Structures are given as C-alpha cells and as structure tokens.
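Peer 1: Got a structure for you, questions after.
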Amino acid sequence: MNDLLLQVEPMIPALRRYARGLVRDAESADDIVQDCLERVVLNWSRRHDDNPRSWVFAILHNLAVNKLRQDARRAGSVPIEDAPETVGARSPTQEDAIYGQEVMAAIEHLPPDYRSILLLVSVEDLSYAEAAKVLEIPLGTVMSRLARARERLRSILESDRPRTSTAGSYIRRVK
Amino acid sequence: MTIRPITEDDLQAYVDGVLDDERHRNVSEYLLANPEAAERVSSYRSQAAALRSALDTVAREPVPSRLNLTTIAAAQAPGRRTGSLRIAAAAVVLLAIGGTGGWIMKSYALPPTEGVAALAREALATYGTFAPDRLRPVEVRADGGDAFREFADATVGRPVTIPDLSTAGYRLMGGRVVPTAHGPGLMLMYDNDKGSRLVMLTRPMAVDQDKPMVATDTADVRGWSWAKNGLGYSLVGALPHTDLHSIANMARSQV
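If you read the protein sequences in the order shown, they are chains A and B. In terms of the numbering used here, the first sequence is residues 720 to 894. In terms of the numbering used here, the second sequence is residues 15 to 269.
Below is the structure:
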C-alpha cells in the first residue's frame with residue numbers, strides 16, 4: 720500500500736494534465752482520473768508491468784479513449800478522423816510563436832490517436848518505448864504516428880493563422 | 015567516413031532531444047542544408063512547447079480532494095463498490111472457458127492427479143485465487159498465539175509446523191482451509207513490507223510421502239514443492255526462482 724502511494728501519488732498532476740489534454744472538459748477529465756486511480760488501487764498487486772508509470776498511463780488512456788468514443792456515439796458525430804485537413808494552405812511563417820490557446824484549439828481537430836501520442840511524448844515526456852506500451856502499438860507505429868500527428872497539427876495551425884490575423888475585428892492575442 | 019542517411023525518425027527524435035551527441039550533430043548539419051526540414055523541425059518544437067505551457071497550468075493546480083489516493087484506497091477496502099460484480103461476471107466467463115476448454119483438452123493432456131505434482135497445481139491455484147485478494151485473503155488471522163496453531167492442526171488433521179520466514183522478510187498473515195481433490199489443505203499466507211505475498215499449501219499425501227523439492231513454473235508465478243513424513247508442502251510466489259528456492263529451503267528446514 721505504501722508502495723502504491725509512493726509511486727502513484729506523484730503522478731496525479733501529470734495524470735490530470737494528460738486527461739485534460741484528451742478530454743477538454745475539466746470535470747470529465749477528473750472523473751476519468753478518479754476512475755483510473757480506483758482501478759490502480761484495485762489492481763496494484765496484479766500488475767505485471769515493472770514500470771508503474773506506463774501501466775498507470777495505459778489505464779488512464781484506455782478510460783479516456785472509451786469516454787471519447789461514448790461521447791462521439793452519443794453526439795452522433797462524424798469520427799474526428801474525417802475532420803477537414805488543410806495542407807499547404809499558405810506558406811508557413813516559422814517565426815510566429817504558437818500560443819497555448821491556439822494549440823489547444825488545434826489539437827481538438829486531431830483524431831484521439833494523434834492527440835494522445837503528442838501529449839505522451841511532448842508533454843508527459845514518455846520515452847517512445849513507454850508510449851508504445853501505453854498505446855499498445857509497436858515502436859515503429861509510435862514513430863510514424865508521431866510524425867503524422869506533428870505534421871497534421873502544423874497544417875492546422877498554419878491554415879488557421881491567416882484568418883485570425885487578417886480579419887480586422889479580431890483582437891490580437893497578447894501574451 | 016559515411017553518415018547514415020537522416021530519417022524521419024531522426025527528425026522526430028531531434029525534436030524530442032533524445033538523439034545521442036553524434037547523431038544530433040549529424041541532424042543539425044543536415045538541417046542547415048535543408049531549410050524545408052529545418053522549418054518543420056522548428057514548427058514541431060514550438061508546437062511541443064506550446065502544448066506543454068498550455069497544459070502545465072493543469073499540473074500546477076492543487077489536486078482536487080476526490081483524487082486523494084489515500085481516501086480512494088481506504089474507500090475500496092471495506093466493500094469494493096464497482097469491482098465485485100464485474101469480477102463475478104469475469105469469473106463466470108472464465109469458468110465457462112475453463113470448463114469447456116478443460117473438457118476439450120482432457121483427452122490430450124491429462125494433468126497430474128496425484129503426488130507432489132498435483133499438490134503443486136493446487137498450490138498455484140490457491141495462490142492465484144487468494145494472493146490478489148485485498149478484501150479477505152485469509153480466513154483466520156495469525157495472532158501469534160495458540161488459536162491459529164489449533165486451527166492449522168485441525169485443518170490438516172495432525173500437528174503441523176508453521177514455518178517462520180521472518181529472516182527472509184515475510185510475516186505470517188494467517189491462513190485458510192482450501193478444498194483440494196485430496197481433502198482439505200491448509201493455506202498459509204505471508205507478506206513482506208512491499209506487499210509481495212507468498213502462499214504455502216500443506217496437506218497430507220497419499221502418494222509421494224517423501225519427495226525432494228521440485229520446481230513448478232508458470233508465466234509469472236513459481237513454486238517449490240516437496241513432501242516429508244506424509245505431509246506435502248508447496249510454496250508459491252511471484253519471485254525469481256532462486257529467491258523463492260532459498261525461502262522454500264528455509265521453510266523445509268523447519269518442518
């Protein structure tokens with residue numbers, strides 16, 4: 720039990736962050752974390768993974784993905800994979816800084832698979848091998864999915880930009 | 015000196031800063047000569063930084079009280095609220111699979127039904143059932159007094175020694191009666207400070223009254239079994255073979 724507290728408690732802020740990245744609504748995200756922690760407590764002695772972090776993240780990930788699927792079904796929405804993809808809409812301006820709000824809005828347009836790999840690698844700092852474990856995919860798939868996710872996010876960010884910066888009535892983001 | 019071609023994977027690893035020094039230099043040089051790739055890499059880096067900073071506020075928030083791990087663990091101890099029904103359902107399914115599978119397999123592989131080999135299987139099953147049990151792993155708690163000893167003797171039907179494994183870091187938690195095809199067995203359960211549990215099954219033997227120690231092995235659980243003066247013993251745990259072996263030797267020297 721002490722072992723459980725010692726290893727899992729420090730992860731809780733990161734678990735909340737990952738859940739929030741996948742499921743925007745704060746309340747639902749914490750619901751998922753709570754559900755995850757309950758399962759972790761229940762199955763702690765039965766885990767076979769010697770890396771508690773990837774084991775706990777895998778539980779959280781599966782719960783979050785189930786939730787996203789349920790929501791999508793309930794809303795009768797189009798799978799997010801079908802969201803419009805804009806490529807090469809304009810020449811990229813690299814010097815533009817990307818702001819938090821902007822990037823959060825942009826990842827909403829990514830399929831959950833892409834969103835999760837970006838969050839695990841870029842935000843949670845999981846190694847590629849750990850991410851492979853969490854997502855239950857081979858390492859090669861981690862790499863190719865990561866590359867596609869980053870490229871897709873880039874094209875979304877760049878196609879969004881002219882609209883926000885050229886329309887006169889838009890308030891310029893100051894940060 | 016030739017440089018391995020730079021791959022897309024290298025670019026991603028460069029973004030994440032996980033390349034070794036030499037490869038990192040190779041990629042840096044490559045990017046100087048390839049503005050398109052350089053542009054992508056720098057875009058990926060700012061994405062990552064933006065994601066991190068956008069979500070970092072979440073990680074810095076105080077953790078809501080409903081996510082207090084100690085409370086969650088305590089709430090689960092008395093009556094697992096969601097788990098038990100699901101576990102029951104899973105048990106039914108597993109029983110069905112086991113039943114059908116077992117029936118189909120029976121003519122192909124007849125498991126050992128007698129002797130130490132049978133005892134070892136019973137001990138594995140006992141471990142599998144009770145070691146993960148957080149609610150009530152033992153039926154009778156070890157109290158350090160005569161009551162537990164009497165319970166143990168009554169279960170086996172003759173005086174038994176309860177091995178002391180404290181030098182290996184394992185305390186006796188208690189025990190329970192386990193039904194086996196060869197009559198009631200006594201399960202003793204031990205745990206250590208890390209929550210690792212060991213199970214020892216003891217029962218009278220009809221076959222193999224005296225038998226040297228043999229090992230059993232499954233994917234993640236191991237056992238050592240032997241018989242002495244008509245009593246069989248099988249020690250099971252999720253430990254490396256050699257560690258478990260020395261604990262089993264410790265137990266055998268006492269019985």
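The beta carbon of each residue, even a glycine, is placed where N, CA and C say it ideally should be. Treat the numbers as computed from the prediction; the structure is a model and nothing was measured.
Counting Cβ pairs, one atom from each stretch, are 3 or more of them under 8 Å apart for the stretch 38 to 58 of chain B and the stretch 68 to 76 of chain B?
Peer 2: Too few Cβ pairs lie closer than 8 Å, so no.
Peer 1: Closer than 7 Å, Cβ to Cβ, to anything on chain A: give me those residues from the stretch 67 to 87 of chain B, in chain order.
Peer 2: Under the 7 Å Cβ criterion, the stretch 67 to 87 of chain B contributes Ser67, Ala68, Leu69, Val72, Ala73, Val77, Pro78, Arg80, Leu81, Leu83, Thr84, Ile86, Ala87.
Peer 1: For A:Val742, which residues from the same chain have a beta carbon less than 7 Å from its beta carbon, with the 5 sequence-adjacent residues on both sides left out?
Peer 2: Numbered from its first residue, the first sequence carries residue 742 of chain A at position 23. Closer than 7 Å at the Cβ level, and outside the excluded window around A:Val742, lie Ala748, Ile751, Ala783, Lys786, Leu787.
Peer 1: For A:Glu827, is the classification buried or exposed, using 16 other Cβ atoms within 10 angstroms of its Cβ as the cut-off for buried?
Peer 2: If you number the first sequence from 1, residue 827 of chain A lands on position 108. By the 10 Å Cβ count, A:Glu827 comes out exposed.
Peer 1: Cβ atoms of A:Val759 and A:Ile778: under 8 Å apart, would you say?
Peer 2: For the purposes of this step, residue 778 of chain A is identified with residue 59 of the first sequence, where counting begins at 1. For the purposes of this step, residue 759 of chain A is identified with residue 40 of the first sequence, where counting begins at 1. Yes, the Cβ-Cβ distance between A:Ile778 and A:Val759 is below 8 Å.
Peer 1: Closer than 8 Å by C-beta to A:Glu843: which residues in its own chain qualify, once you throw out the five before and the five after it? Chain order, please.
Peer 2: Within the first sequence, the letter at position 124 stands for residue 843 of chain A. Result list for A:Glu843: Ala733, Arg736, Tyr737, Phe776, in chain order.
Peer 1: DSSP three-state label for B:Asp205, please.
Peer 2: Position 191 of the second sequence, counted from the first residue, corresponds to residue 205 of chain B. Strand at B:Asp205.
Peer 1: Measure from the alpha carbon of A:Leu789 to the alpha carbon of each residue in A:Ser764, A:Glu757, A:Tyr818, A:Pro831, then state which is nearest.
Peer 2: Here residue 789 of chain A corresponds to residue number 70 of the first sequence, with the count starting at 1. For clarity, residue 789 of chain A is Gln in the given sequence; the question names Leu instead. Measuring from the Cα of A:Gln789, the nearest candidate turns out to be A:Pro831.
Peer 1: Find the nearest neighbour of B:Asp178 within the set B:Val213, B:Val191, B:Arg172, judged by alpha-carbon distance.
Peer 2: As a first step, residue 178 of chain B must be located in the second sequence, where it is residue number 164. The candidate whose alpha carbon is nearest that of B:Asp178 is B:Val213.
Peer 1: Is the closest heavy atom of the ligand COA to the C-beta of A:Tyr847 under 7 Å?
Peer 2: With respect to small molecules bound, the structure shown includes none, and the ligand COA cannot be examined in it.
Peer 1: Starting from B:Val221, trace the alpha helix (DSSP H) both ways and give me its first and last residue.
Peer 2: Within the second sequence, the letter at position 207 stands for residue 221 of chain B. Looking at the DSSP string, B:Val221 is not in any alpha helix (DSSP H), and its letter there is neither H nor E.
Peer 1: Looking at chain B, which residues of the stretch 737 to 771 of chain A have a Cβ within less than 7 Å of any of its Cβ atoms?
Peer 2: So the list reads Arg739, Gly740, Asp749, Val752, Gln753, Leu756, Glu757, Val760, Leu761, Ser764, Arg765, His767, given in the order they occur along the chain.
Peer 1: Could you name the residues of chain A that B:Asp257 contacts, counting a contact when the two beta carbons are closer than 7 Å?
Peer 2: As a working note, residue 257 of chain B is residue 243 in the second sequence. Neighbours of B:Asp257 on chain A: none; closest Cβ ~15 Å, over 7 Å.
Peer 1: Would you kindly report the start and end of the unbroken alpha helix (DSSP H) that includes B:Pro193?
Peer 2: Residue mapping note: residue 193 of chain B aligns to position 179 of the second sequence, counting from 1. Taken as a continuous stretch (DSSP letters only), B:Pro193 belongs to no alpha helix (DSSP H), being part of the beta strand (DSSP E) at 185 to 194.
Peer 1: Between A:Val797 and chain B, is any beta-carbon pair separated by less than 8 Å?
Peer 2: For the purposes of this step, residue 797 of chain A is taken as residue 78 along the first sequence, with counting starting at 1. Confidence in A:Val797 is poor, its pLDDT being 48 and thus under 50, which makes the residue's placement too unreliable to answer from.
Peer 1: Please state whether the Cβ-Cβ distance between B:Val152 and B:Phe165 is less than 8 Å.
Peer 2: For this step, residue 152 of chain B is matched to residue 138 along the second sequence. For this step, residue 165 of chain B is matched to residue 151 along the second sequence. Contact: no.
Peer 1: Are any of the Cβ atoms in chain E nearer than 8 Å to that of B:Ala103?
Peer 2: Of the protein chains in this structure, namely A and B, none is chain E.
Peer 1: Hey, how far is the Cα of A:Leu756 from the Cα of A:Arg834?
Peer 2: Along the first sequence, read from residue 1 onward, the residue named residue 756 of chain A stands at position 37. Along the first sequence, read from residue 1 onward, the residue named residue 834 of chain A stands at position 115. A:Leu756 and A:Arg834: Cα-Cα distance of roughly 22 Å.
Peer 1: So A:Leu723 contacts chain B; which residues on that side make the cut at Cβ distance below 9 Å?
Peer 2: Position 4 of the first sequence, counted from the start, is the residue given in the question as residue 723 of chain A. Within 9 Å Cβ-Cβ: Leu83, Ala87, Gly209.
Peer 1: Give the residues of chain B in contact with A:Ala840, contact being defined as C-beta atoms less than 7 Å apart.
Peer 2: Residue numbering aside, residue 840 of chain A sits at position 121 when the first sequence is read from its first letter. At residue 840 of chain A the sequence reads Val, which differs from the Ala that was named. Those are Asp30, listed as they occur along chain B.
Peer 1: Quick one: what's got a C-beta closer than 8 Å to A:Pro857's C-beta in the same chain, skipping five residues either side?
Peer 2: By 1-based counting over the first sequence, the position of residue 857 of chain A is 138. Correct list, in chain order: Ala851.
Peer 1: From B:Arg185 to B:Arg59, what does the alpha carbon distance come to, in whole angstroms?
Peer 2: Against the second sequence, residue 185 of chain B aligns to sequence position 171. Against the second sequence, residue 59 of chain B aligns to sequence position 45. When rounded, the distance between both Cα atoms is 53 Å.
Peer 1: Between A:Val784 and chain B, is there a C-beta pair that is closer than 8 Å?
Peer 2: In the first sequence, counting from the first residue as 1, residue 784 of chain A sits at position 65. For A:Val784, the answer is no, since every Cβ of chain B falls outside 8 Å of its Cβ.
Peer 1: Just to confirm the assignment, what range does the beta strand (DSSP E) spanning A:Trp763 have?
Peer 2: The residue labelled residue 763 of chain A in the question sits at position 44 within the first sequence. No beta strand (DSSP E) contains A:Trp763, which DSSP labels as neither H nor E.
Peer 1: Under 7 Å Cβ-Cβ, which residues of chain A neighbour B:Asp224?
Peer 2: As a first step, residue 224 of chain B is located in the second sequence; it is residue number 210 there, counting from the start. Ordered by position in chain A, no residue passes the 7 Å Cβ test against B:Asp224, which lies about 35 Å from the chain.
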